[in-house]
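Each residue of the sequence shown is one higher than the last, beginning at 6 in the numbering used here.
For every residue, glycine included, the Cβ atom is placed at its ideal position computed from N, Cα and C.
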Amino acid sequence: MKFQHSNKKIYQKLGYSIDQEGILTRFLREGNAWKSHLEHTKQWIRDAYAHKEYSSIAIFGSGWLLDVPIDDIIRDFKEVYLFDIIHPLQITHKYKKYPHVHFIEADVTGGVAKKIYDRITAKSHVRKQSLPQLTQTQFSYDIPFDLLVSLNIVNQLDILLLEALEKHESVSEEEKQDFRYCIQKNHMHLLEQYNYCLISDWEKLVTHTKTRHTHSEPLVFVEPPAHTHHSEWLWNFDSQGLYEENSKIDFRVRAFRS
Ligand SMILES: C[S@@+](CC[C@H](N)C(=O)[O-])C[C@H]1O[C@@H](n2cnc3c(N)ncnc32)[C@H](O)[C@@H]1O
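In structure tokens, the structure reads:
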């Protein structure tokens, strides 16, 4: 195992560790309800490399590896690059015996998190820029990958950053919308440079527990990739109604591969 990290304290202050702990807590609570979604995701990833001669894979948003067919990937690839803004220690510890598994702690937006942190800690050079301008930065990594998997991350890229920002300044609905759009669009441009596989919650379906009425909220604001290989399924995210009061949450998940 090789391990690279940077800016960890900043990412922790922006709430990434707490958010990750929340994912694990929900997984432990929801175990069976999440099973079908996790299995769909793993199979979509396996199918993305079946019958291909790929030898290296990068996964963006690997986190707890809940939705990653990690044993297959460790067996099937010569080099495995796991990217997350923070890797859970339990995970890096568990896989440290594999020399071809690399844990890279990096912001896959290319540094928007650090820019937001600089802005809220009053660094003037970033204060002058508009929110969409802050997204104008590109991820790069000096080693090429045969396959890039964007794993339930595209709709997550803005959330914690806007939450942190709003504690320090008022942000209009329009600015938030622009920020989300730009950060997601950049992510899509990045994917297009690789053989890629994209899986993401695309829509949130909120069902009121008493009236049974369901409304949907979009989570991804860019056009879906125009691919022949695509799929979608529902993720029974909160079967117990604990995430939002008086509501049950499902996600419509969409998956693409180039
Ligand atoms: C919804 S989770 C995906 C589930 C994950 N595969 C798991 O099993 O825990 C999204 C992951 O993306 C990571 N993440 C969010 N924003 C990121 C960014 N800008 N750069 C890198 N990783 C990020 C989070 O830390 C989290 O682990």
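Check                                                                                             : Outcome
Ser145 beta carbon near ligand 1 (any heavy atom closer than 7 Å)                                 : no
Near ligand 1: Thr114 beta-carbon under 7 Å from a heavy atom                                     : yes
Distance between Val85 and Phe184 (C-alpha atoms, nearest Å)                                      : 31 Å
Identity of the residue in Ile15, Leu239, Asp77 and Glu180 nearest Thr140 by Cα                   : Glu180
Beta-carbon gap between Ile254 and Lys209 smaller than 8 Å                                        : yes
Nearest residue (CA-CA) to Gly116, options Asp81, Trp49, Ile188 and Ile79                         : Ile188
Pairwise C-alpha distance: Ala38 and Asn241                                                       : 6 Å
Close beta carbons around Arg259, own chain, < 6 Å, minus the five adjacent residues each side    : Trp207 and Glu237
Cα-Cα separation between Lys190 and Asn200, rounded to whole angstroms                            : 17 Å
Where Asn37 falls: helix, strand or coil (DSSP)                                                   : helix
Ligand 1 heavy atom lying under 7 Å from the CB of Asn191                                         : no
Opening and closing residue of the alpha helix (DSSP H) in which Arg185 lies                      : Glu178 to Glu197
Ligand 1 heavy atom lying under 7 Å from the CB of Asn157                                         : yes
Gln141 Cβ short of 7 Å to ligand 1 heavy atom set                                                 : no
Complete runs of the alpha helix (DSSP H) confined to the stretch 45 to 132 [at least 4 residues] : 75 to 81, 94 to 99, 117 to 125 and 129 to 132
Reduced DSSP category for Leu162 - H, G, I as helix; E, B as strand; rest coil                    : coil
Reduced DSSP category for Phe32 - H, G, I as helix; E, B as strand; rest coil                     : helix
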